[in-house]
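Novice: Residue numbers (the numbering used here), protein chains in the order written: chain P, 1275 to 1642; chain F, 158 to 610. Note that the Cβ used here is the ideal one computed from N, Cα and C, for glycine as well. My questions all concern the structure below.
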Amino acid sequence: MKAALAWVVLFAQASSPPPDDREKWLPPVKVVTLPRAERTAGEILKAVREQTGEEVEASGVDEAAKATVEWKERPVMEALHDLCRALGAGTVTVRQDPKKKPAIEIDGRAALPAAVGHWKQFRIELADASVTITRSLEGTKREAKLDLRLVAQPGTMPLSVEGFQPEEIVDDAGWSLLTAESAGARRRHSDEPLKEGEEPNAVIVEGRSHERDLTEDLSVSMRAPAEGAKTLERLRGRIFATFPMRLVEQSIPAGELVAGKEIRIGSLTIHVVKFTQEGGKATFTYKSTRKGPGRDSFTFTDFELRDEKGETLNRGYSGSGSDEAYTLTYSLARPVPVVSLYHKAYVGRITVAIPVDLRGIPLPKKSP
Amino acid sequence: MRGWRTLASLLVGLTVAPRPSHPAVQDPGEAGVRALVEQLDSEDPAQRDRAREQLNGLGRRIIPVLRPFLKASSGEVAAQVRSIIERFERDELLERSLPALRTVTIPKGTRTLEEIFRQVREQTGYRVAPYGMNLRAPVEAGWEKAPVLEVLDDLCVRLGQGRPEPPAMISRFSDDFDRFYNRRPEPAPPDTLVVDGEAKPPPATAHWNQFRAAVIDVVVTEQRSLKESSTEAALHLGIAAQPGTQPVFLGAWEVLEAVDDRGVSLKQEGARPANLRDEPGPPVGESLDAVWFTADRWARYGESRDQVPIQPPSPGAKKIARLRLNLRMSFAFQEVKRTLALGDIKEKGKGSIDFGVVGITVSQPELKDGTFSLRFEVRGAHQGSPRLTLLDKDGAEVRTRGGGTSSSPTGVQQKWYLQGSPELAAVRTSAWIGQKTFDIPFEFKDIPLPGEK
């Protein structure tokens, strides 16, 4: 039922226009269909490019090598992994460099990943598994962790990858390796429990530097495997990723920043108390109220003070305040009149629970 | 003459360097001191040096005998005598932050803990506060001029239980090291040595005069992954000293030698300690004009473990046979407080607070909307950052609701959120002036290593 709901969330845009801009950050899954036949790798790659429109850059792949594949609406990331598997080598990644056009890259010389799983736009790969034994005069402690790498179809840009919630981790000796912390994962920087679905009124400040993106591996803590265990028989769980629904930008003339003015951003309302400027210093005092859930306290919003040409004047600020009101004091680059107050924020979020099901994960060998 | 007889036995205690740098000298009496002073004018350089060494070794109680020579001697002798007296005076100042070594002598025999702790108190002035120990338990032990912390450690080892917990060393050196120094409002009581009778003795301790280093743990971490394997090892060390020890700087541990019982060196070349206290600090020796700005609150050293990386011991090794380390510490000579009237700043546009080679220029005092602010700029080489305190017309500290500082290349802007409308009159700041820096050597033997399982 959950999978069906997620499908509705992800693909509702296919049947009716989305009510927001979600496709900017969560584009529809691209699929490939090829009837069963033996083809060269070059032919298969050509078909993938044609059917998906994606840039696929293959290096170290023998394009004359033959492979037999059969795909019916196979998500592109999974299809390319199938190709690597058929060829006996290769890894699939997505180029994250913002300066270059996004592309799927295949390194045909690399070994197949130790464990990999796919779900729609997403690929979950085992980056590493490690066991740490700490011996001290106070006793011996054994810990283990897995590093998972989440890769997504080009153009997929989560606001945040919240974390992995394990449901089952079992080694080949039959031991459950879940820890007490495995249950009840929380949203990053918040006490909110992780929950998939849409929250159209959530407000998330744009450009928060502490969010985790797709370039960071996810670390999964677990109990150390049994002494003789050689593999993890299965790892099941969900990775939660959050996508924005729309980006809201507003520019309020400085003359309107008077007591009683309300600035609405989704469920959040900024109540202006006063705005003053004295040469190179400007002070903005406001209250904020909000309805419904949202992880951002929104205490100090990244407002920009702009001049008549629309250029940013503020170069730093200090803030103080309480539940009653916040006061931000800005240092301005030039003592010219502030013409407008600009801000941007994401309004609405979609939380996607990406199912992970990896089998036969190898464990590191003991030192000789 | 009684004082002179006890002089020699006080030499170690009165010498401010942790270990006396001058040879112990027999009591020469007042006439002997005068004779040594006369030798400062000898034509034989070796004899002059010997005389100076001996006078230094006699300690500051000879100052009254020396003073008349400042006027009634040749220029050379007066200069040398002045230098010796100034040294004694500095040593005396130093003792305020580095109390003299206190030792215990108890003849070998069987005594109760109660009796031993009583003697420790009588001989050192330190009260031993044990808990979780049967004070009537008999112990066979004896010590000859042993540092007090060494006596307590030795006692716990003999009992197989107990851990001395000397108070943390405290410092008023001001710096933004909150990340690893715990700041508290009050210093610890200076005369109590707690012994936790319910704890096990530390795995190994080493002593050097007033100071005690303890190996709290040895940790070997083996990490295996699909990509690589690695093994790391670290010593967890703690530093303590006699109560009242107040360094202005505590450096990082420097491993000089570490060898396991298989004869393999465990010294890790180029390793940086895991704790953040890895700034090089001042060089060993004295600096009379060094300036260390001080804080309103106390920083405490030695409450947490310092992790010192070593090479993993060789397979089968059961202990670290030998470990030699240095720990650098600086002690300041004297704390100086300076006050600047706000009226002077307003009148002249700016004012100056001087600490010898270092000066603070204060300007732009402004009171607006219950917030007082000013700018200051520090000139000259110094350690730490000045903390300015607001005073009212009676010289009392003005209570505030907090404040803050912002720094730029041109200076520091400091502001205070005032409570009410106090009459502001002056700002005050303080600094430690002058320092003496030591490398304190510790030597451990037979440190146990964690087992394989």
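Return yes when the Cβ of F:L350 is within less than 8 Å of the Cβ of F:A370, no when it is not.
Specialist: Contact flag unset, no.
Novice: Whole angstroms is fine: what's the gap from P:L1354's alpha carbon to P:T1367's?
Specialist: Taking the straight line from one Cα to the other gives about 10 Å.
Novice: Are the CB atoms of P:E1337 and P:L1319 within a distance shorter than 8 Å?
Specialist: A contact, by the Cβ cut-off of 8 Å.
Novice: Say whether chain F places a C-beta atom closer than 8 Å to the C-beta of P:S1410.
Specialist: Output row for P:S1410: interface = yes.
Novice: Please list, in chain order, all residues of the same chain as F:Q592 whose beta carbon is under 8 Å from its beta carbon, the five residues on each side excluded.
Specialist: These residues qualify, in order along the chain: V405, F406, P439, E443, S444, A447, W449, S487, F488, A489 and F490.
Novice: Would you kindly check if the distance between the Cβ of F:T269 and the Cβ of F:P287 is under 8 Å?
Specialist: It is not a contact, given that the beta carbons lie outside the stated cut-off.
Novice: Per DSSP, what kind of secondary structure is F:A409 in: helix, strand or coil?
Specialist: If DSSP states are grouped into helix, strand and coil, F:A409 belongs with the strands.
Novice: Give a yes or no on whether 8 Å exceeds the smallest Cβ distance from F:T362 to chain P.
Specialist: No, F:T362 does not count as interfacial toward chain P.
Novice: Evaluate P:T1307 with the Cβ neighbour count: other Cβ atoms within 10 Å of its Cβ, from every protein chain shown; 16 or more gives buried, anything less gives exposed.
Specialist: So P:T1307 counts as exposed.
Novice: Quick one: what does DSSP say F:D311 is sitting in, helix, strand or coil?
Specialist: Correct three-state label for F:D311: helix.
Novice: Examine the Cβ distances between the segment 574–583 of chain F and the segment 545–564 of chain F and report whether three or more of them are shorter than 8 Å.
Specialist: Contact holds: three or more Cβ-Cβ distances are below 8 Å.
Novice: Would you say P:E1436 and P:L1468 are within 8 Å of each other, going by their C-beta atoms?
Specialist: For P:E1436 and P:L1468, yes; Cβs fall inside 8 Å.
Novice: Quick one: residues in its chain with C-beta nearer than 8 Å to the C-beta of F:Y283, no 5 flanking neighbours on either side, listed in chain order?
Specialist: Closer than 8 Å at Cβ, skipping near neighbours: R259, V277, V305, D348, T349, L350, Q399 and P400.
Novice: Would you call the CB atoms of P:I1657 and P:I1628 closer than 8 Å?
Specialist: In the structure displayed, chain P extends from 1275 to 1642; residue 1657 of chain P sits before or after that span and is not available.
Novice: Just to confirm the assignment, what range does the alpha helix (DSSP H) spanning F:P295 have?
Specialist: Element bounds for F:P295: not the alpha helix (DSSP H) but the beta strand (DSSP E), P295 to P304.
Novice: The segment 381–398 of chain F: which residues have C-beta closer than 7 Å to a C-beta of chain P, in chain order?
Specialist: Here the close residues are R381, S382, L383, K384 and S386.
Novice: Output the boundary residues of the alpha helix (DSSP H) element that contains F:E504.
Specialist: Segment L499 to K505, the alpha helix (DSSP H) holding F:E504.
Novice: Quick one: does P:D1402 have its CB under 8 Å from some CB of chain F?
Specialist: Yes, P:D1402 counts as interfacial toward chain F.
Novice: F:P605 versus chain P: which residues are under 7 Å apart at the beta carbon?
Specialist: Those within 7 Å of F:P605 in chain P are L1411.
Novice: Per DSSP, which one or two residues make a beta bridge with F:V351?
Specialist: DSSP, once it has assigned bridges, lists F:A286 and F:E322 as partnering F:V351.
Novice: Mind checking if P:V1405 is an interface residue toward chain F, Cβ cutoff 8 Å exclusive?
Specialist: Chain F contact via Cβ: present.
Novice: Assign P:M1351 to one of three DSSP states: helix, strand, or coil.
Specialist: Looking at P:M1351 - three-state DSSP - the assignment turns out to be helix.
Novice: What does P:K1640 touch in chain C if you count any residue whose Cβ is under 8 Å from its own?
Specialist: Although the question refers to chain C, the structure presented lacks it and instead comprises the protein chains P and F.
Novice: Can you grab the Cα-Cα spacing for the pair F:G559 / F:G541, in whole Å?
Specialist: In a straight line, the C-alpha of F:G559 is about 20 Å away from that of F:G541.
Novice: On the criterion of 16 or more Cβ atoms from any shown chain inside 10 Å, does F:N291 qualify as buried, or is it exposed?
Specialist: F:N291 comes out exposed.
Novice: What residue does the alpha helix (DSSP H) around F:Q367 start on, and which one ends it?
Specialist: No alpha helix (DSSP H) holds F:Q367; DSSP gives it neither H nor E.
Novice: In chain order, what residues of the same chain lie with their CB nearer than 6 Å to the CB of P:R1709, ignoring the 5 residues before and after it?
Specialist: Examination of residue 1709 of chain P is not possible in this model, given that chain P is present from 1275 through 1642 alone.
Novice: Span of the alpha helix (DSSP H) holding F:L212?
Specialist: Segment P202 to L215, the alpha helix (DSSP H) holding F:L212.
Novice: Looking only at C-alpha atoms, which of P:G1540, P:S1594, P:D1581 and P:G1553 sits nearest to P:Y1560?
Specialist: It is P:S1594 whose Cα lies nearest to the Cα of P:Y1560.
Novice: Can you give me the C-alpha to C-alpha distance between F:L383 and P:G1364, rounded to a whole angstrom?
Specialist: Distance between the alpha carbons of F:L383 and P:G1364: 18 Å.
Novice: Would you say F:D198 and F:V234 are within 8 Å of each other, going by their C-beta atoms?
Specialist: Contact: yes.
Novice: Under 8 Å between C-beta atoms, does P:A1388 make it to chain F?
Specialist: Interface residue, yes.
Novice: Got a sec: is the Cβ-Cβ distance from F:T528 to anything in chain P below 8 Å?
Specialist: Output row for F:T528: interface = no.
Novice: Taking three-plus beta-carbon pairs below 8 Å as touching, is the segment 494–512 of chain F in contact with the segment 411–431 of chain F?
Specialist: No, the segment 494–512 of chain F does not touch the segment 411–431 of chain F.
Novice: Between the Cα of P:A1311 and those of P:P1638, P:K1346, P:D1294 and P:E1297, spot the shortest distance and give me the residue it belongs to.
Specialist: The residue with the shortest Cα to Cα distance from P:A1311 is P:K1346.
Novice: Taking contact to mean 3 or more Cβ pairs, one atom from each stretch, closer than 8 Å, check whether the segment 1533–1552 of chain P and the segment 1470–1477 of chain P are in contact.
Specialist: The segment 1533–1552 of chain P, when compared against the segment 1470–1477 of chain P, does touch it at the 8 Å Cβ threshold.
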